[in-house]
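Accompanying notes for the structure given below.
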Amino acid sequence: GYTYLNTDSQARGRSLDARFTGEPLLPDSPLLERPKHQVTVLGQYRFPFGLSGYVQGSYQSDFYDSKALFADPFPERFDHNDVIKVQGRVLLNGKIEYEIFSGIKPYVMVENMLDFNYDAIRGFPGPGRRFFFGLQAKY
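The C-terminal position of the sequence shown is numbered 357 in the numbering used here, with every residue numbered one higher than the one before it.
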């Protein structure tokens with residue numbers, strides 16, 4: 219799927235942060251922590267002999283965030299129009315499972331296969347490559 223988000227502020231001089239009492243937000247300032255483009259694709263296949271799997275990819279475009287971190291003890295000294303661009307990301311995830319008996323499937327799953335370093339929100343790094351092993355049982 220694809221999502222387009224108009225990330226230009228329509229605030230017309232109002233701040234998006236109710237705690238903020240400094241300079242007003244400028245018209246057409248970018249909305250923070252909101253990527254303009256997001257794309258997700260999924261490919262899956264089930265073999266007739268019990269093996270199945272999928273690969274899922276997602277793309278998120280660059281987005282803007284404030285230069286101050288949320289935990290700044292002096293938010294009043296920060297100009298909310300002073301923003302930085304945060305790098306977008308491409309993530310690939312996948313899973314392979316094999317039905318060894320009716321309803322019994324061991325699996326291996328990998329998240330962030332490319333081990334892409336990214337910030338989910340500025341200052342909060344997303345997880346690196348992660349492996350999951352398990353056994354699914356349905357009765």
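By construction, the Cβ of each residue, glycine as well, lies at the ideal position given by its N, Cα and C atoms.
Residue i in three-state terms, based on DSSP
i: Lys-356; result: coil
i: Gln-167; result: As shown, the chain starts at 219 and ends at 357. That puts residue 167 outside it, with no answer to give.
i: Leu-223; result: coil
i: Gly-312; result: strand
i: Asp-337; result: strand
8 angstroms contact criterion, which residue i and residue j should meet: CB distance rounded
i: Asn-330; j: Pro-345; result: 6 angstroms
i: Ser-276; j: Leu-309; result: 5 angstroms
Residue closest to residue i, alpha-carbon to alpha-carbon, out of the options
i: Leu-353; options: Asp-333, Pro-343, Lys-323, Ile-339; result: Lys-323
i: Leu-269; options: Thr-221, Gly-341, Tyr-325; result: Tyr-325
i: Leu-249; options: Asp-283, Ser-279, Gln-305; result: Asp-283
i: Phe-265; options: Val-301, Glu-315, Arg-340, Phe-351; result: Glu-315
Span separating the alpha-carbon of residue i from that of residue j
i: Ser-320; j: Leu-332; result: 33 angstroms
i: Tyr-357; j: Tyr-222; result: 42 angstroms
i: Thr-258; j: Tyr-272; result: 13 angstroms
i: Ile-318; j: Arg-307; result: 36 angstroms
Minimum Cβ-Cβ distance from residue i to chain C less than 8 angstroms
i: Asp-280; result: In the structure shown, chain C does not exist; there is a single protein chain.
Proximity test, residue i beta-carbon vs the ligand NAP heavy atom, cut-off 7 angstroms
i: Val-326; result: Because no ligand of any kind appears in the structure shown, any question about the ligand NAP cannot be addressed here.
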